[in-house]
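Residue numbers (my numbering): 3 to 664.
Notes to accompany the following structure.
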């Protein structure tokens, strides 16, 4: 594989790693709003109630942050019932959009939701609700204000749909429980159609208990939950579509739904952890771990059932030490969910698992306890655990991996255009990189080796004659592919195909409770090696929205500032408040857009030099720029001429800017 291709692949990988911090950076585009969110989080921790949240929800900064967030979502081009997409929103001027959102909040009437069905792995279908783009903006505005309040009340054992929480951290929690607590039984419970059975009245009461006492906001959320759902056309029915007005449930697919689901189960979370992990004692203990003083004391002096809890969305497990305790926990949880939250347990999918005898599936990975070969007993004192955790993947998951690899190899074989083949190769490599999700399993080395071996023939046999794959045309046959093989590696069109063994075993990410979006300390931990502090410039943009330009322009110029790290793209100098101008690389008159890639931020004088033609003005402007800080003349001229060419102006020389070449 060529060095160029390798470098490009590394850049893509680094970009993917940074995506998880993109939402945090977006919030930092609005320093004043971020301070407000921090304040809400701190007040919620102290038990403050909030009575007037609508003004903050409809503030300019919050609306613009919502636009910035949604425009980067994958569903920005997915249409609701009114066929509006994100590009239609971005084409509006900022003043019109802000006025529209505020008007909707004053007299809120929910727009209908479009229902679609997607297939599930078990052959059934999952219903998804797709709100209109305007409705998504309104939900995002509410989410941004409710989230810091709710995060202050959530527990550390919950991982689903929360900022800086992941599936890997949930698995790390399970590993820690099984390897340190001697728990060998799991209470596996599945809530029947959770999202479809949430009680609206109970949810509103839970929001009130959380501290949301703004009656106007609670009314809006209640109306959202009861928005009409337009079902798709069904041939077997007499009517083409049907509008359903739900009495319970939160529609999957809505922006606000995951947060509301966590709020519903938050009461259950606190009840569970109070039974053991956070059981209040008269005496305070220093240690709280599995081997801490509190745990030892409770085990000796109480009849409490040992139970450790982990939850991801509506999928949760409770771990305990014996079957008797597991049976009692199962019955108690079933009764509590039924009486308090009006939720039913699916008996078919729920049960008690002895991890020493059976496998437990959790979030796509199989768990089992096996004998530890290093286990020793010396004078009745254990030096290691008798059982250790073994993790793997299901047989049907392995078969699916193998089938997906075969399908993608065949797609490479049957493409004829160069662009299509490159796309097919990148699609294949992206799938192989995606297998890193399973790399945290203890048996990943065996799995990846077997998968590589089982797919070796399809890689070689399908692709070895790819150089003979030709496309017939009037001018004859055209060669469209090139195959190379070096040891176990295969390259097509100079791009190396990855194999499963290229994905190395990885450890689970441990959770750091101090990491938070809503504290300065937590944000520092997220990106310790963050770039230079440019919050002053973000504040300047925040206070000086250009209402004569479109929403897209106002949103993307902050993104350009972040991309340039607050420096001028021509001089490399630090940009200063009052001396910043936004330049379109391709002028709007020539078809240029307001996309981030077409915008660049420049020092005011450097921007003018792109369009200057008078020799005296050019020299004076360059002399003035040098007063700020030293400038490398050659680098400056190279950057300036690049923009002058794009603006159809003549290139300048060193003599033009008054620099002698002698």
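Glycine included, each C-beta is placed from N, C-alpha and C at the ideal position.
DSSP three-state call for residue i: helix, strand or coil?
| i | result |
| --- | --- |
| residue 389 | strand |
| residue 565 | helix |
| residue 216 | coil |
| residue 504 | helix |
| residue 586 | strand |
| residue 574 | coil |
| residue 309 | coil |
| residue 486 | strand |
| residue 233 | strand |
| residue 581 | coil |
| residue 624 | helix |
| residue 481 | Residue placement at residue 481 is poorly supported in this model, since its pLDDT is 48, which falls under 50; the coordinates are not used for a value here. |
| residue 536 | coil |
| residue 259 | helix |
| residue 296 | helix |
| residue 322 | strand |
| residue 70 | helix |
| residue 270 | helix |
| residue 358 | coil |
| residue 93 | coil |
| residue 107 | helix |
| residue 76 | helix |
| residue 52 | strand |
| residue 629 | coil |
| residue 282 | coil |
Going by other Cβ atoms of all chains shown within 10 Å of its Cβ, with 16 needed for buried, is residue i buried or exposed?
| i | result |
| --- | --- |
| residue 545 | exposed |
| residue 234 | exposed |
| residue 49 | exposed |
| residue 153 | buried |
| residue 310 | buried |
| residue 128 | exposed |
| residue 366 | exposed |
| residue 492 | buried |
| residue 355 | buried |
| residue 70 | buried |
| residue 653 | exposed |
| residue 109 | exposed |
| residue 455 | exposed |
| residue 447 | exposed |
| residue 293 | The predicted model places residue 293 with a pLDDT of 47, which falls under 50 and marks its position as unreliable; any figure quoted below should be read in that light. Flag for residue 293 reads exposed. |
| residue 335 | buried |
Mind checking which residues open and close the beta strand (DSSP E) that includes residue i?
| i | result |
| --- | --- |
| residue 244 | 244-246 |
What residue range is occupied by the uninterrupted alpha helix (DSSP H) comprising residue i?
| i | result |
| --- | --- |
| residue 400 | 397-415 |
| residue 192 | Note, residue 192: premise wrong, no alpha helix (DSSP H); beta strand (DSSP E) at 187-192. |
| residue 637 | 635-648 |
| residue 32 | Premise fails: residue 32 is in no alpha helix (DSSP H) and is neither H nor E. |
| residue 610 | 606-613 |
| residue 147 | 135-153 |
| residue 228 | No alpha helix (DSSP H) contains residue 228, which DSSP labels as neither H nor E. |
| residue 511 | Neither: residue 511 is in no alpha helix (DSSP H) and is coded neither H nor E. |
| residue 460 | 458-465 |
Beta-carbon of residue i versus every beta-carbon of chain B: anything under 8 Å?
| i | result |
| --- | --- |
| residue 149 | Although the question refers to chain B, the structure presented lacks it and comprises just one protein chain. |
Tell me, please, which residues DSSP counts as bridged to residue i.
| i | result |
| --- | --- |
| residue 127 | 121 |
| residue 498 | 493 |
| residue 368 | 363 and 394 |
| residue 601 | 586 |
| residue 314 | 317 |
| residue 347 | 193 |
| residue 353 | 190 |
| residue 160 | 313 |
| residue 275 | Residue 275 pairs with nothing; no bridge assigned. |
| residue 559 | The partner list for residue 559 (beta bridge, DSSP) is empty, contrary to what the question assumes. |
| residue 250 | 201 |
| residue 373 | 389 |
(message) Three Cβ pairs or more, each shorter than 8 Å: is that satisfied between the region 613-622 and the region 650-663?
(response) yes
(request) Flag this pair as touching only if the region 394-401 and the region 419-431 have three or more C-beta atom pairs under 8 Å; answer yes or no. (result) no
(message) Within 8 Å, do at least three Cβ pairs link the region 138-152 to the region 330-350?
(response) no
(request) Decide if the region 96-103 is in contact with the region 181-193; the criterion is three or more beta carbon pairs, one per stretch, under 8 Å apart. (result) no
(message) I'd like to know if the region 568-575 and the region 547-560 are in contact, where contact means that at least 3 CB-CB pairs between them fall below 8 Å.
(response) no
(request) Determine, using beta-carbon pairs with one atom in the region 171-186 and one in the region 194-205, whether at least three such pairs fall under 8 Å. (result) With fewer than three CB-CB distances shorter than 8 Å, the region 171-186 does not count as touching the region 194-205.
(message) For the structure I just gave you, are there three or more beta carbon pairs, one from the region 158-170 and one from the region 128-142, closer than 8 Å?
(response) no
(message) Assess contact between the region 496-510 and the region 166-180, defined as three or more Cβ pairs (one per stretch) separated by less than 8 Å. Is contact present?
(response) yes
(message) Whether or not the region 81-90 and the region 204-224 are in contact is what I'm after, with contact meaning three or more pairs of Cβ atoms, one per stretch, closer than 8 Å; do they touch?
(response) By the Cβ criterion, the region 204-224 is not in contact with the region 81-90, since fewer than three pairs of Cβ atoms, one from each stretch, lie closer than 8 Å.
(request) Check whether the region 493-502 touches the region 426-433, taking contact to mean three or more Cβ pairs, one atom from each stretch, closer than 8 Å. (result) yes
(request) Could you tell me whether the region 603-616 touches the region 630-646, using the rule of 3 or more Cβ pairs below 8 Å? (result) Taking a cut-off of 8 Å for Cβ pairs, the region 603-616 and the region 630-646 touch, as three or more such pairs fall below it.
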